[in-house]
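S.K.: Below: one structure in structure tokens.
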Amino acid sequence: MPKPSKTPAIENFLTENVGKSFPTKEMCDKIGCSLPTLLNYIKSNPSKFTQISYGTYHINSDVTSITTMNSVDNVTDEEWENN
84 MPKPSKTPAI ENFLTENVGK SFPTKEMCDK IGCSLPTLLN YIKSNPSKFT
134 QISYGTYHIN SDVTSITTMN SVDNVTDEEW ENN
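Quick note: to get the working numbering, add 83 to the position in the sequence shown (first position is 1).
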């Protein structure tokens, strides 16, 4: 039987702690997941985090995540090619 996904637990933690900063070890303890699982999630969802220092991340709001994604989506082909 496969292990249950930790993604919902990580996303719930992020929703409850938007705008706060945590060391990865503390996030793992509060979420109940392993460090490799958390780091993989951070790597897969970079717009949700800002690295403050080694092993410490700031949790961005969904608005920040959406703005980051939309800023790339709103670039025209010509602008993209010129940059």
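Every residue gets a Cβ at the ideal spot worked out from N, C-alpha and C, and that includes glycine.
Excluding the five sequence neighbours on either side, which residues of its own chain have a C-beta within less than 8 Å of the C-beta of Leu122, listed in chain order?
M.R.: Residue numbering aside, residue 122 sits at position 39 when the sequence shown is read from its first letter. The residues are Thr107.
S.K.: According to DSSP, simplified to helix, strand and coil, what is Tyr124?
M.R.: The count along the sequence shown starts at 1 and reaches residue 124 at position 41. DSSP places Tyr124 within a helical segment (H, G or I) once states are collapsed to three.
S.K.: For Ile142, collect the residues of the same chain with a Cβ closer than 8 Å to its Cβ; drop the 5 residues on either side in sequence, then sort them by chain order.
M.R.: If you number the sequence shown from 1, residue 142 lands on position 59. Closer than 8 Å at Cβ, skipping near neighbours: Leu97, Asn100, Val101, Gly102, Lys103, Ser104, Phe105, Lys131 and Phe132.
S.K.: Look up Pro119 in the DSSP assignment and say whether it is helix, strand or coil.
M.R.: Indexing the sequence shown from 1 puts residue 119 at position 36. Pro119 falls in the helix class under three-state DSSP.
S.K.: For the candidate residues Ser117, Gln134 and Ser144, whose alpha-carbon lies nearest to that of Thr90?
M.R.: Here residue 90 is taken as the residue at index 7 of the sequence shown, counted from 1. Distances from the CA of Thr90 to each of Ser117, Gln134 and Ser144 were compared; the closest alpha carbon is that of Ser117.
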